[in-house]
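For reference, the structure is listed below as structure tokens.
Chains as they are written, first to last, in the numbering used here: chain A, 65 to 121; chain B, 746 to 1004.
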């Protein structure tokens, strides 16, 4: 490991705020790209299920 | 040979076949991409040595460069998919072009934001109106343009054609982004990775970058497949195979619920 301890890892030699903000934004964009389509899929399948049920009755 | 090629082509255009094959591909891309990303990020953040000039702020490279590269590759893929759709009238091709737009836009945003954050400690400013940064901003607006076309035009066929046309015309911006650091004076550093030359970075800094780049590409494939499958489900919701698929899921969850 390049850093001596956890606090110096978090501090990033004074550049911590820039590094962690960048990685945080990356995590956010990645999460949106994973979760967004999953939610849409749920909604689409629910709609199709409702349609199927309506046709059965 | 010709008939086999033709059959493959028709298969590729078939939404059902796409749905099945992309589900399988997705799983593999997800597994490989996650391993690459985890390794690359941990290595890049904790184990790679600090840059002798930029210190630890250089670690932003492991998210900035993959996002930038991918947002440009994604644009080319979108333009090519649009072209294939226009020329050979392949429906799935338009679907792929459509779903790439929001993903590409999100990556362009990530590239611009991480670039600005990296610029602050390195150049002393968040933003300059130079060629590289401005052409990246134009890339983002081109993505917004494509998204806006899909939202504004109700008729699917018209929207596909108009969006494909904008994507193709806008691809002129891609070489401008690439060569902007050579054609004009800029604060932005020249390319870190070139295919023709040996990397100028030390291997222990360079390898994690390669890992995160490939990891991002794998995840990108997962995102494109997931959105494209949603489009297929929506378009094909009245067909037998989609109904059977939904019923099978229902059945499975009922059994799971009873147990």
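No residue lacks a Cβ here, since even glycine has one placed at the ideal position from N, Cα and C.
- Under DSSP, residue 800 of chain B shares a beta bridge with B:796.
- Remark: C-beta atoms of residue 929 of chain B and residue 775 of chain B do not approach each other more closely than 9 Å.
- Taken through DSSP and simplified to helix, strand or coil, residue 930 of chain B comes out as coil.
- The contact set of residue 109 of chain A on chain B, defined by CB atoms closer than 8 Å, consists of 978, 991, 994 in chain order.
- Annotation: residue 875 of chain B to residue 886 of chain B spans about 16 Å, alpha carbon to alpha carbon.
- By the C-beta criterion, the segment 954 to 971 of chain B is judged to be in contact with the segment 777 to 790 of chain B, since at least 3 inter-stretch pairs fall below 8 Å.
- In the structure shown, the three-state DSSP call for residue 834 of chain B is coil.
- Secondary structure in the segment 841 to 906 of chain B: the alpha helix (DSSP H) runs of 4 residues or longer, each lying completely within the stretch, are 876 to 897 in chain order.
- The distance from the Cβ of residue 908 of chain B to that of residue 921 of chain B is about 21 Å, inconsistent with a contact at the 8 Å cut-off.
- Against residue 851 of chain B, the close residues of chain A are 93, 96, 97, in the order they occur along the chain (beta-carbon pairs closer than 8 Å).
- Neighbours of residue 986 of chain B in chain A, taken as residues at a C-beta separation under 7 Å, are lacking, since the least C-beta distance is about 12 Å.
- Contact with chain A is absent for residue 933 of chain B, since none of that chain's Cβ atoms lies less than 9 Å from the residue's Cβ.
- For residue 866 of chain B, the closest Cβ of chain A is nearer than 9 Å.
- In this structure the segment 848 to 855 of chain B touches the segment 811 to 828 of chain B; the number of beta carbon pairs closer than 8 Å is three or more.
- Under a criterion of Cβ atoms nearer than 7 Å, the residues of chain A adjacent to residue 808 of chain B are, in order, 86, 87, 90.
- Beyond the five residues adjoining it in sequence on each side, residue 880 of chain B comes within less than 8 Å, by CB distance, of 918, 921, 922, 925 in the same chain, given in chain order.
- Residue 801 of chain B has a beta carbon lying within less than 9 Å of a beta carbon in chain A.
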